[in-house]
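Visitor:
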Amino acid sequence: MIRKRIPRRDDGVIYQLVQKELLPFAKQTLPSARISRSLLRKRLSQGVTYVETTAGRVPVGFIALIADRERLSVDMLAVDPRYQGKGIGKRLMLYVERKAQELGLPEVTLWVDEANGRARGFYERLGYTSIYYDPHMRCFLMRKSM
1 MIRKRIPRRD DGVIYQLVQK ELLPFAKQTL PSARISRSLL RKRLSQGVTY
51 VETTAGRVPV GFIALIADRE RLSVDMLAVD PRYQGKGIGK RLMLYVERKA
101 QELGLPEVTL WVDEANGRAR GFYERLGYTS IYYDPHMRCF LMRKSM
(Lines of atoms letter the chains of each structure in order from A and count residues from 1; the text may use other names and numbers.)
(Lines give C-alpha, C1' and ligand atoms only; values in the text may rest on other atoms or scores of the structure.)
Protein backbone atom coordinates (compact mmCIF):
# COMPACT_ATOMS: atom_id res chain seq x y z
CA MET A 1 0.00 0.00 0.00
CA ILE A 2 1.27 3.48 -0.86
CA ARG A 3 0.53 6.27 1.59
CA LYS A 4 1.89 9.63 2.64
CA ARG A 5 4.82 9.59 5.03
CA ILE A 6 4.00 9.79 8.73
CA PRO A 7 7.17 11.36 10.17
CA ARG A 8 7.14 9.77 13.62
CA ARG A 9 6.35 6.35 12.24
CA ASP A 10 8.38 6.35 9.03
CA ASP A 11 11.44 8.56 9.37
CA GLY A 12 13.60 5.97 11.14
CA VAL A 13 13.12 3.48 8.31
CA ILE A 14 13.60 6.19 5.66
CA TYR A 15 16.84 7.27 7.35
CA GLN A 16 18.14 3.68 7.31
CA LEU A 17 17.23 3.29 3.63
CA VAL A 18 19.04 6.52 2.76
CA GLN A 19 22.11 5.37 4.73
CA LYS A 20 22.22 1.91 3.13
CA GLU A 21 20.86 2.43 -0.38
CA LEU A 22 21.63 6.03 -1.42
CA LEU A 23 24.53 7.42 0.58
CA PRO A 24 27.10 4.85 -0.65
CA PHE A 25 26.67 6.18 -4.21
CA ALA A 26 26.92 9.81 -3.08
CA LYS A 27 30.13 8.96 -1.20
CA GLN A 28 31.76 7.76 -4.42
CA THR A 29 31.65 11.36 -5.64
CA LEU A 30 31.97 13.09 -2.29
CA PRO A 31 33.61 10.77 0.26
CA SER A 32 32.72 13.10 3.14
CA ALA A 33 28.98 12.99 2.30
CA ARG A 34 26.82 12.44 5.36
CA ILE A 35 23.22 12.99 6.30
CA SER A 36 21.92 13.42 9.82
CA ARG A 37 18.39 12.62 10.89
CA SER A 38 17.65 16.34 11.29
CA LEU A 39 19.02 17.17 7.84
CA LEU A 40 16.95 14.36 6.32
CA ARG A 41 13.79 15.64 8.06
CA LYS A 42 14.50 19.12 6.71
CA ARG A 43 15.05 17.78 3.20
CA LEU A 44 11.86 15.70 3.32
CA SER A 45 9.87 18.72 4.54
CA GLN A 46 10.68 20.57 1.29
CA GLY A 47 8.23 18.38 -0.60
CA VAL A 48 6.01 15.36 -0.10
CA THR A 49 7.10 11.79 0.60
CA TYR A 50 5.20 8.58 0.01
CA VAL A 51 6.00 5.16 1.44
CA GLU A 52 5.15 1.66 0.31
CA THR A 53 4.26 -0.50 3.29
CA THR A 54 3.88 -4.18 4.03
CA ALA A 55 0.69 -5.65 5.47
CA GLY A 56 2.14 -4.82 8.89
CA ARG A 57 2.37 -1.15 7.86
CA VAL A 58 6.16 -1.18 7.95
CA PRO A 59 7.70 0.96 5.18
CA VAL A 60 9.78 -1.04 2.70
CA GLY A 61 10.37 1.79 0.24
CA PHE A 62 9.86 5.51 -0.16
CA ILE A 63 9.85 8.25 -2.74
CA ALA A 64 10.44 11.93 -1.94
CA LEU A 65 9.11 14.54 -4.37
CA ILE A 66 9.41 18.24 -5.00
CA ALA A 67 6.94 19.96 -7.34
CA ASP A 68 7.17 23.31 -9.06
CA ARG A 69 5.11 24.85 -11.86
CA GLU A 70 6.98 23.01 -14.59
CA ARG A 71 7.70 19.53 -13.27
CA LEU A 72 7.55 16.97 -10.52
CA SER A 73 11.06 16.07 -9.36
CA VAL A 74 11.97 12.83 -7.63
CA ASP A 75 14.41 13.84 -4.91
CA MET A 76 15.02 10.34 -3.52
CA LEU A 77 13.77 6.80 -4.10
CA ALA A 78 14.91 3.75 -2.17
CA VAL A 79 13.59 0.25 -1.56
CA ASP A 80 14.70 -2.16 1.15
CA PRO A 81 17.04 -4.71 -0.50
CA ARG A 82 14.87 -7.57 0.78
CA TYR A 83 11.99 -6.19 -1.30
CA GLN A 84 13.87 -5.10 -4.42
CA GLY A 85 12.80 -6.81 -7.63
CA LYS A 86 9.20 -7.13 -6.45
CA GLY A 87 7.81 -4.12 -8.30
CA ILE A 88 7.83 -1.66 -5.38
CA GLY A 89 10.06 0.92 -7.06
CA LYS A 90 8.00 0.69 -10.23
CA ARG A 91 4.73 1.13 -8.27
CA LEU A 92 6.15 4.20 -6.54
CA MET A 93 7.29 5.71 -9.84
CA LEU A 94 3.96 5.03 -11.57
CA TYR A 95 2.19 6.59 -8.58
CA VAL A 96 4.32 9.71 -9.00
CA GLU A 97 3.64 9.86 -12.72
CA ARG A 98 -0.12 9.74 -12.04
CA LYS A 99 0.32 12.57 -9.51
CA ALA A 100 2.17 14.65 -12.12
CA GLN A 101 -0.64 14.08 -14.61
CA GLU A 102 -3.28 15.00 -11.99
CA LEU A 103 -1.38 18.23 -11.31
CA GLY A 104 -1.10 18.97 -15.02
CA LEU A 105 2.70 18.87 -14.90
CA PRO A 106 4.35 18.04 -18.23
CA GLU A 107 7.31 16.03 -16.93
CA VAL A 108 8.92 14.08 -14.12
CA THR A 109 12.66 14.54 -13.57
CA LEU A 110 15.27 12.97 -11.32
CA TRP A 111 19.02 12.83 -10.77
CA VAL A 112 20.82 9.50 -10.63
CA ASP A 113 24.43 8.88 -9.62
CA GLU A 114 26.75 7.83 -12.44
CA ALA A 115 27.92 4.90 -10.30
CA ASN A 116 24.36 3.62 -9.86
CA GLY A 117 23.97 1.85 -13.19
CA ARG A 118 21.26 -0.41 -11.82
CA ALA A 119 19.07 2.61 -11.01
CA ARG A 120 19.76 4.19 -14.40
CA GLY A 121 18.67 0.98 -16.10
CA PHE A 122 15.53 0.87 -13.94
CA TYR A 123 14.55 4.41 -14.93
CA GLU A 124 15.33 3.77 -18.60
CA ARG A 125 13.02 0.73 -18.56
CA LEU A 126 10.29 3.05 -17.26
CA GLY A 127 10.83 5.42 -20.19
CA TYR A 128 13.17 8.01 -18.66
CA THR A 129 15.99 9.42 -20.78
CA SER A 130 19.21 11.15 -19.76
CA ILE A 131 19.12 14.79 -20.79
CA TYR A 132 22.18 16.16 -18.99
CA TYR A 133 25.31 14.97 -17.20
CA ASP A 134 26.85 17.03 -14.39
CA PRO A 135 30.56 16.13 -14.24
CA HIS A 136 31.04 17.76 -10.82
CA MET A 137 28.18 15.84 -9.19
CA ARG A 138 28.82 12.82 -11.44
CA CYS A 139 25.08 12.50 -11.87
CA PHE A 140 22.69 12.21 -14.79
CA LEU A 141 19.52 14.29 -15.02
CA MET A 142 16.76 12.08 -16.39
CA ARG A 143 13.35 13.07 -17.66
CA LYS A 144 10.07 11.57 -18.79
CA SER A 145 7.36 13.57 -20.50
CA MET A 146 3.86 13.04 -19.25
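Okay, so the sequence shown: first residue is 1 according to the UniProt record's numbering, each after it adds one. Note that beta-carbon positions come from the ideal geometry of N, C-alpha and C, so glycine has one too. Quick caveat: nothing in here was measured; it's all calculated off a predicted structure.
#1: Is the number of C-beta pairs between the segment 27–40 and the segment 89–105 that are closer than 8 Å three or more?
#2: How is Ser-38 classed by DSSP in three states: helix, strand or coil?
#3: Beta-carbon within less than 8 Å of Ser-145's beta-carbon, same chain only, minus the 5 sequence neighbours each way: which residues are those?
#4: Going by CA-CA distance only, name the one from Arg-5, Gln-84, Asn-116 and Leu-23 that's closest to Arg-57.
#5: Comparing C-alpha positions only, which one of Met-76, Gln-101 and Thr-29 sits nearest to Arg-41?
#6: Have a look at Arg-8, Tyr-128 and Ile-66 and flag the residue whose alpha-carbon is nearest the alpha-carbon of Lys-99.
#7: Less than 9 Å between the C-beta atoms of Leu-126 and Gly-61, yes or no?
#8: Would you mind working out which of Phe-25, Ala-64 and Arg-143 sits nearest Asp-10, comparing C-alpha positions?
Guide: Reading it off the structure:
#1: no
#2: helix
#3: Pro-106 and Glu-107
#4: Arg-5
#5: Met-76
#6: Ile-66
#7: no
#8: Ala-64
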